[in-house]
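Only one structure is covered here, and it is reproduced in the block below.
In mature numbering (1 follows the signal peptide of the UniProt record, and there is no 0), the protein residues as written are -19 to -1, 1 to 152.
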């Protein structure tokens, strides 16, 4: 099974590079089986983390799900009241849930779709650092207007995100 997953992922990458439709895109059953196998492998990897790390990962995964669903109430529930957002190295963007609601609530209302997914993840103590692929749709939910890679560091304490640090990408 492991070799099948790796083979299918490689085939997917190669086909996508040439702009061709992959067998996974043609066969939803295979795509679903692959996604389930990947989730199972990810769960095994998470079990090797400490309790603190598992909690941090669970919080970040849950807030990403809420973000992708544009569910502002659930999204903000994962942040501390005095959460601070920074741009690397130490530029304060905003603090507190009120400003969090103002920024993200408006974005959720304005955009037709938002989606972010971790590409790579590092977990160290109470920190979860994700390299994320982020997409949004401004007018048509079926047409992605903006796609970017973002590196985000989340510091989690007592099951709440205390600090978020964004890293600018250089072009």
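Even glycine gets a Cβ: it sits at the ideal position worked out from N, Cα and C.
Residue interval of the alpha helix (DSSP H) (run including residue 48)
Here the alpha helix (DSSP H) through residue 48 covers 32 to 49.
Leaving out the 5 sequence neighbours to the left and right, which residues in its chain are closer than 6 Å to residue 110 when beta-carbon positions are compared?
Only 103 and 134 meet the Cβ criterion.
Residue from 66, 68 and 80 whose Cα sits closest to the Cα of residue 53
Among 66, 68 and 80, the Cα nearest to that of residue 53 is on 80.
Rounded straight-line distance, which links the Cα of residue 8 to that of residue 64:
Those two C-alpha atoms are separated by around 43 Å.
What residue ranges within the segment 71 to 126 form continuous alpha helix (DSSP H) runs of no fewer than 4 residues, ordered along the chain?
Correct list: 78 to 81 and 87 to 91.
Just to confirm the assignment, what range does the alpha helix (DSSP H) spanning residue 54 have?
Note, residue 54: alpha helix (DSSP H), 53 to 58.
Thinking residue 67 and residue 144 are a contact (beta carbons under 8 Å), I'd like their distance in whole angstroms, please.
The pair is a contact, with the Cβ atoms about 7 Å apart (cut-off 8 Å).
Over what stretch of residues does the beta strand (DSSP E) that includes residue 148 continue unbroken?
For residue 148, the uninterrupted beta strand (DSSP E) run begins and ends at 141 to 148, by DSSP.
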